[in-house]
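The working numbering puts the sequence shown at residues 254 to 481.
All residues carry an ideal CB built from backbone N, CA and C; glycine is no exception.
Note that this is a predicted model, so its numbers are computed, not measured.
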Amino acid sequence: NVTFDYATSDASALAGSDYTAASGSATISSGSLSVPITVSILDDAVSEPTETFQLTLSNVVGVAVADGVAIGTINDDDAPALTLTIAAGSISEADGAGATTATVTRNTGTSGPLTVNLSSSDTSEATSPASVVIPDGASSVTFDIDAVDDFIADGTRIVTISASATGHAGASDTVDVTDNDVAGVVVTPTSGLQTSESGGTATFTVVLTSQPQPDVLIRMVSSDVSEG
């Protein structure tokens with residue numbers, strides 16, 4: 254039999270974040286040429302270069318060892334990408350500037366600044382900055398999303414905020430923008446208007462309480478058609 258102790262150690266890969274440290278003793282039985290030693294690799298969402306760790310043999314009994322150090326190589330399976338998360342699922346047009354915030358995150362570590370381009374699918378409902386910078390030493394940055402208050406009774410709209418950066422897969426998230434406009438009509442004056450029966454006229458003003466999208470047909474009805 255051949256017996257030995259073994260232990261892993263860090264190179265560019267780090268125990269606890271890239272792989273699980275392993276150590277112990279093993280025996281190659283008489284008549285066998287090998288014994289398996291398992292080192293578990295940890296999957297993460299970070300895009301990294303190829304990394305390595307070492308496995309070192311010690312206290313070998315039963316055979317001479319020329320080189321007791323092996324190199325393990327970890328090939329990354331994560332492509333460079335962004336993620337975008339909007340804090341609130343719903344905002345109101347009345348919330349205005351800073352209605353909610355969003356955070357864009359990179360999975361490529363924290364080295365160097367990264368410019369991220371932003372866009373809104375409907376700038377008449379919600380807007381974002383044209384771009385933000387994830388600073389050196391950080392993996393994310395948070396920015397404001399502004400609600401746009403209009404006079405259109407258009408109900409709740411879904412707005413998509415998108416992020417893109419050179420060399421990274423883009424990301425997006427959505428927010429519901431609820432309307433604060435009510436479709437209605439105001440007629441003035443409501444009382445006190447006087448005119449003559451003999452061909453006189455009276456003028457009323459009809460005002461919509463919100464900006465219409467289609468044409469609005471208003472039907473006028475007199476409470477006393479014998480008078481006017």
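Tell me the DSSP secondary structure of residue i in three-state form.
{"i": "Ala-406", "result": "coil"}
{"i": "Ala-352", "result": "coil"}
{"i": "Glu-378", "result": "coil"}
{"i": "Ser-393", "result": "strand"}
{"i": "Asn-370", "result": "strand"}
Just curious, the beta strand (DSSP E) that residue i is in, first and last residue?
{"i": "Leu-446", "result": "Per DSSP, Leu-446 belongs to no beta strand (DSSP E) and is neither H nor E."}
{"i": "Ile-471", "result": "Per DSSP, Ile-471 belongs to no beta strand (DSSP E) and is neither H nor E."}
{"i": "Glu-346", "result": "Looking at the DSSP string, Glu-346 is not in any beta strand (DSSP E), and its letter there is neither H nor E."}
{"i": "Ile-324", "result": "322-327"}
{"i": "Asp-331", "result": "It is not in any beta strand (DSSP E) - Asp-331 carries neither H nor E in the DSSP assignment."}
{"i": "Tyr-259", "result": "255-263"}
{"i": "Asn-312", "result": "304-314"}
{"i": "Gly-423", "result": "421-431"}
{"i": "Leu-461", "result": "458-461"}
{"i": "Ser-276", "result": "276-281"}
{"i": "Ile-387", "result": "384-387"}
{"i": "Val-401", "result": "Segment: none, Val-401 is in no beta strand (DSSP E) and carries neither H nor E."}
Can you give the beta carbon distance from residue i to residue j, rounded, assuming they're within the 8 Å contact cut?
{"i": "Ser-343", "j": "Thr-431", "result": "6 Å"}
{"i": "Val-412", "j": "Val-428", "result": "6 Å"}
{"i": "Ile-327", "j": "Leu-308", "result": "At roughly 13 Å, the Cβ-Cβ gap does not stay under 8 Å, so Ile-327 and Leu-308 are not in contact."}
{"i": "Leu-371", "j": "Pro-388", "result": "At roughly 16 Å, the Cβ-Cβ gap does not stay under 8 Å, so Leu-371 and Pro-388 are not in contact."}
{"i": "Ala-355", "j": "Ile-339", "result": "5 Å"}
If you draw a straight line from the C-alpha of residue i to the C-alpha of residue j, how long is it?
{"i": "Gly-362", "j": "Ser-262", "result": "22 Å"}
{"i": "Ala-319", "j": "Thr-336", "result": "49 Å"}
{"i": "Ser-293", "j": "Ser-270", "result": "11 Å"}
{"i": "Glu-346", "j": "Thr-353", "result": "11 Å"}
{"i": "Gly-255", "j": "Pro-333", "result": "The residue asked about is misnamed: residue 255 is Val in this sequence, not Gly. Distance between the alpha carbons of Val-255 and Pro-333 is about 45 Å."}
{"i": "Thr-454", "j": "Leu-446", "result": "10 Å"}
{"i": "Asn-433", "j": "Val-394", "result": "30 Å"}
{"i": "Asp-297", "j": "Ala-268", "result": "13 Å"}
{"i": "Val-314", "j": "Thr-358", "result": "51 Å"}
{"i": "Val-280", "j": "Ser-265", "result": "It should be pointed out that residue 280 corresponds to Thr in this sequence rather than to Val. Rounded to the nearest angstrom, the two C-alpha atoms are 29 Å apart."}
Are there 16 or more other CB atoms within 10 angstroms of the CB of residue i, so buried, or fewer, so exposed?
{"i": "Arg-472", "result": "exposed"}
{"i": "Asp-468", "result": "exposed"}
{"i": "Glu-450", "result": "exposed"}
{"i": "Leu-367", "result": "buried"}
{"i": "Ile-398", "result": "buried"}
{"i": "Asp-331", "result": "exposed"}
{"i": "Ile-324", "result": "exposed"}
{"i": "Ala-422", "result": "exposed"}
{"i": "Thr-273", "result": "exposed"}
{"i": "Asp-375", "result": "exposed"}
{"i": "Phe-404", "result": "exposed"}
{"i": "Asp-426", "result": "buried"}
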